[in-house]
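Structure, as C-alpha cells:
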Amino acid sequence: MSELLSNTNIMIREELANTIEVVRHLLEEKQVVLSNGDVVPVLPVLTCDLKVSTVLHKAHSQHNQPTNTTQTLVRVLGLYETYRPASFWKCPYCNVCCNDIHDFEKEYWPMRTEEEVAEDERNLPTSAIGKKKHASTHHGVHAPRILPFPRTSIIPCFLHCLMAIVRKLFKLLLRDAYLSTEVTEAWEQIIRDRKIKFCSNLEKTFADRVQDSRWGRPEWLAILQHHQDFINTMKDHAGYAKRNHTFGKGQVGKLCGETNILVRNNATRAKADQAGAVWRTFYELATLACQARVQITEKEWLLRARGFGKLFTQTYEARNTTPYIHIFVYHLGYFLEHYHGVEKFANYALECKHRTNKIQMRGGTSGFSAGPVEAARQQLNAQMRIEHHQHRQLLSSVSRGKKRGWAELNLAAHPAIHDFVVSSTHI
Amino acid sequence: MRTTAGGRGAELPLLAYMRQVLEQDRARLQGGTNPIHVKFALDGATMTSGSFVQEEVGAFQYLYEGEKLADVKSPREAHMWIIYIGAETEEILRYVFCFPGPQLS
Numbered sequence: 057m058s059e060l061l062s063n064t065n066i067m068i069r070e071e072l073a074n075t076i077e078v079v080r081h082l083l084e085e086k087q088v089v090l091s092n093g094d095v096v097p098v099l100p101v102l103t104c105d106l107k108v109s110t111v112l113h114k115a116h117s118q119h120n121q122p123t124n125t126t127q128t129l130v131r132v133l134g135l136y137e138t139y140r141p142a143s144f145w146k147c148p149y150c151n152v153c154c155n156d157i158h159d160f161e162k163e164y165w166p167m168r169t170e171e172e173v174a175e176d177e178r179n180l181p182t183s184a185i186g187k188k189k190h191a192s193t194h195h196g197v198h199a200p201r202i203l204p205f206p207r208t209s210i211i212p213c214f215l216h217c218l219m220a221i222v223r224k225l226f227k228l229l230l231r232d233a234y235l236s237t238e239v240t241e242a243w244e245q246i247i248r249d250r251k252i253k254f255c256s257n258l259e260k261t262f263a264d265r266v267q268d269s270r271w272g273r274p275e276w277l278a279i280l281q282h283h284q285d286f287i288n289t290m291k292d293h294a295g296y297a298k299r300n301h302t303f304g305k306g307q308v309g310k311l312c313g314e315t316n317i318l319v320r321n322n323a324t325r326a327k328a329d330q331a332g333a334v335w336r337t338f339y340e341l342a343t344l345a346c347q348a349r350v351q352i353t354e355k356e357w358l359l360r361a362r363g364f365g366k367l368f369t370q371t372y373e374a375r376n377t378t379p380y381i382h383i384f385v386y387h388l389g390y391f392l393e394h395y396h397g398v399e400k401f402a403n404y405a406l407e408c409k410h411r412t413n414k415i416q417m418r419g420g421t422s423g424f425s426a427g428p429v430e431a432a433r434q435q436l437n438a439q440m441r442i443e444h445h446q447h448r449q450l451l452s453s454v455s456r457g458k459k460r461g462w463a464e465l466n467l468a469a470h471p472a473i474h475d476f477v478v479s480s481t482h483i
Numbered sequence: 669m670r671t672t673a674g675g676r677g678a679e680l681p682l683l684a685y686m687r688q689v690l691e692q693d694r695a696r697l698q699g700g701t702n703p704i705h706v707k708f709a710l711d712g713a714t715m716t717s718g719s720f721v722q723e724e725v726g727a728f729q730y731l732y733e734g735e736k737l738a739d740v741k742s743p744r745e746a747h748m749w750i751i752y753i754g755a756e757t758e759e760i761l762r763y764v765f766c767f768p769g770p771q772l773s
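Protein chains in written order, with this note's numbering: chain A, 57 to 483; chain Y, 669 to 773.
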C-alpha cells in the first residue's frame, strides 16, 4: 500500500505541474499584473480539508484495495498519514505525536517552519519501505510537498473542522447514554422537533439510524445549537436508564470507533454535567470562529480553546482526541489573529460547485465515453460558458446570484465572545 | 484549455484565468492597496454513483475585503482551473498510468 501512496503523490505532482509553477511565482511575487499594466497585490493561501487520504473501502477490503482517495492536505504536504487512530504523527501543522495530542496542558504547539520542512524532506529514500521508515522518523514526511505553501498560509477548512468535532462529541454523548430506550426516544423527538432529517427504519438501532441519516452541515449545526436539550434529556434519565438490548462490539463500538465497550448502567448526572460543559465551551468558541470578521489574538484564543481541550480530556478518554480537535485548539488561533477569521476561507464555494459539476457531467458532457480527459475538458468548457453568461448577468444586476441554503446557514455569536466579533456578515 | 501535465485531466492556464477574473471584478477592487487573499482549494468529488469515478477539482477564489460572507460562499466565486480524474481504485490508478489519454489542441 505504501507504494501506492507514494504513487498517488507522484500522480498529483504530475497533474499539478503547471499549477506548482504559478503558485511558486505568486508566493514570490505576491502580485498579479493585469493586461493594462495595473498591479494587484495578492496573498495566496491554500485551504484543504484534512480528510482521510486513503481508506479501505468496505466493498474492496478483502482485496486490500485503497479507495476513496480524497488526496488533499495530507497528500499535498507529502505526509504519509496523520489522521488514522494508529498514526504516530498526528498533525500536518505541527510535530505533535499520538502520545501528546491529548495533552492540553502544553501552552503552545509551534507550526512547522520552512526550515524544519526542508530538513524533513532532505535525503528522501526512493523505495516504498524506505519512505515509510523516513516518515516514521521525520514527522510523517514521506515525499516532497507538492504545493510550496508555508504552513502559515494553509488555512484549516472550518466547514469540515466544525462538522467533524460536533460529530465526535455527539457520538460520545450517544455512547454515554448507552442507547437507552428512554433517552433515544426523547432524542428522536428533539431531532424531529428541530426538523432534522432522520432515518426512519425502526428496525435499526438509534446509532445506526444516526449513521444512515448522513447528516450534513445544517444538521450538525442544529445539533450543536440545541445541545442543551440532548444533555437535559440525558440528565433526566440518568441513573435508571434501561437498556433495550445488549451491545456487542458492533453498534456502539462501530459508532464510536472503539471495539471494547463495557456496557454499564452508570450514566450519572455528573457525567451529563461534564458533557454539558464540554459542549457549552465548544459552542462558544465555534460561534466565534464562524463569524465573518473577528479580532482576537492567538494568545486569547489559546487561553479559551485550551480550556475546552482540558474539559474534553477530563470528560472523555485520551484516545478520543482527534487531529481536528488539536487543530481547533492549537492552530486556529493563529489564523483568527492573522487573517481575522477562518469562515471566509472554508470551502463552501467549491463544495457547492460539485453539484453543478455532477449535473454538467450527466447532461452537459459526453461522459466518459471519450475518455476522462475529454470529460474534464467538457466540464471546464461548460463552466467557462456559464461564467461568461453570469458575468453578463451581473453587469446588469446588484445581486451576486443564488447561494446554497446549507452554506448560508451560520451560528449567531454567543454573548460570551461578543467582544471579539467585528462583523458577522462582512469579511 | 490543455491537458494536464500528467495527462489525466484538463486545465485552464491558471495565471491568465486569474488575471481575467480580476479584470472582470475590477469594480470590487475598490482601489484599495491591501493585498487580496486568493484562496486555492483542491477537493475530490465522486462524479458517478455506480462506477465510482472520482474527480479532483482545483479552484481559486478571490476574497475581497468588505464583501458579504454570504457572497463569499456562493459557488459563483469559485473558479475551477483544473479537473483531473483522481485515483479511486488500484485498477483505475493503473489505468490512468497506462493510458494517459489523448492530447488536446
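Beta carbons are placed, not taken as given, at the ideal position from N, Cα and C, and that holds for glycine. Keep in mind the model is a prediction, meaning the values are calculated, not measured.
Item	Value
Paired residues, beta bridge with K736(Y) - DSSP	H482(A)
Reduced DSSP secondary structure (H/G/I, E/B, other) of A709(Y)	strand
Three-state class that DSSP yields for R676(Y) in the structure shown	coil
Cross-chain neighbours of D268(A) in chain Y, by beta carbon under 7 Å	By Cβ distance, chain Y contributes nothing, its closest Cβ being about 17 Å from D268(A), past 7 Å.
Helix, strand or coil at A727(Y) [DSSP, three-state]	strand
Whole-angstrom C-beta distance between I221(A) and Y380(A), which should lie under 8 Å	6 Å
CB contact flag (I3(A), G397(A), <8 Å)	Examination of residue 3(A) is not possible in this model, given that chain A is present from 57 through 483 alone.
Selected residue, minimal CA-CA separation from A342(A), among I473(A), V101(A), E172(A), T412(A)	I473(A)
Cβ pair S269(A), C255(A) closer than 8 Å	yes
CB of K188(A) within 8 Å of CB of A199(A), strictly	no
Beta-ladder partner(s) of Y752(Y), from DSSP	G677(Y), E724(Y)
Cβ distance (whole Å) where L406(A) is taken to contact A727(Y) below 8 Å	5 Å
Close Cβ partners of S479(A) (< 8 Å) along its chain, the five nearest in sequence each way excluded	Q347, A348, R349
Start-end ranges of the alpha helix (DSSP H) lying completely within the segment 136–214 of chain A, minimum 4 residues	170–177, 184–193
Between the CA atoms of W749(Y) and Y685(Y) - distance to the nearest angstrom	8 Å
Distance CB(S209(A))-CB(V130(A)) smaller than 8 Å	no
Top-ranked residue by Cα proximity to K89(A), from H747(Y), L710(Y), E691(Y), V740(Y)	According to the sequence provided, residue 89(A) is Val. The question's Lys does not apply to it. The shortest C-alpha separation from V89(A) is found at E691(Y).
Integer Cβ distance of W243(A) from T289(A), believed to fall under 8 Å	6 Å
Whole-angstrom C-beta distance between F214(A) and V385(A), which should lie under 8 Å	The Cβ separation is near 14 Å, so there is no contact.
Rounded straight-line distance, which links the Cα of A469(A) to that of M67(A)	43 Å
Contact set between the segment 402–427 of chain A and chain Y, restricted to residues whose Cβ is under 9 Å from the partner	A402, N403, Y404, A405, L406, E407, C408, K409, H410, R411, T412, N413, K414, M417, R418, G423, F424, A426, G427
S192(A) versus I287(A): straight-line alpha-carbon distance, rounded	41 Å
Partner residues on chain Y for K86(A), Cβ-Cβ distance less than 9 Å	P703
Whole-angstrom C-beta distance between Y732(Y) and R696(Y), which should lie under 8 Å	5 Å
Cβ distance (whole Å) where F226(A) is taken to contact T240(A) below 8 Å	Actually they are not in contact, since the Cβ atoms of F226(A) and T240(A) sit about 13 Å apart, beyond 8 Å.
Cα-Cα separation between P141(A) and Y372(A), rounded to whole angstroms	16 Å
Cutoff 8 Å: R207(A) Cβ touching any chain Y Cβ	no
Outcome for D176(A) when other beta-carbon atoms lying within 10 angstroms are tallied against a minimum of 16	buried
Contiguous alpha helix (DSSP H) assignments of at least 4 residues, all confined to the segment 356–392 of chain A	379–386
Contacts of T182(A) in chain Y (Cβ-Cβ under 8 Å)	Those do not exist, as T182(A) stays about 18 Å from chain Y at its closest Cβ, beyond 8 Å.
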